[in-house]
Amino acid sequence: MRISANPLRGQQFPAVLLLLAAGLGLLLANLPSHDALAAVLDVHLAVPGTVLDLSIEHWVSDGLLAVFFLV
Numbered sequence: 001m002r003i004s005a006n007p008l009r010g011q012q013f014p015a016v017l018l019l020l021a022a023g024l025g026l027l028l029a030n031l032p033s034h035d036a037l038a039a040v041l042d043v044h045l046a047v048p049g050t051v052l053d054l055s056i057e058h059w060v061s062d063g064l065l066a067v068f069f070l071v
């Protein structure tokens with residue numbers, strides 16, 4: 001087995017990153033301050049001069065979907 005000079009190019013890095021993100025999500029969902037975090041996600045952000053008026057949660061999910069389909 002050869003050790004890669006760049007660990008970001010390895011096959012294990014995405015798996016570890018996903019596991020860390022899942023762990024962080026579980027931690028944030030079970031903290032006592034979960035209600036405050038949920039309230040932040042419900043804040044609406046509008047783009048002036050357009051009909052775009054979405055919550056932060058929708059902006060994040062739409063942005064992640066755009067990255068997923070463009071990559």
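Following the UniProt record's numbering, the numbering of the sequence shown begins with 1 at its first residue and continues without gaps. All residues carry an ideal CB built from backbone N, CA and C; glycine is no exception.
Here the alpha carbon of residue 46 sits roughly 10 Å from the alpha carbon of residue 59. In this structure, 56 is the residue among 18, 56, 51 and 49 with its C-alpha nearest to the C-alpha of residue 39.
The three-state secondary structure of residue 33, taken from DSSP, is coil. Taking the Cα of residue 54 as reference, the smallest distance to any Cα among 17, 25, 27 and 41 is reached at 41.
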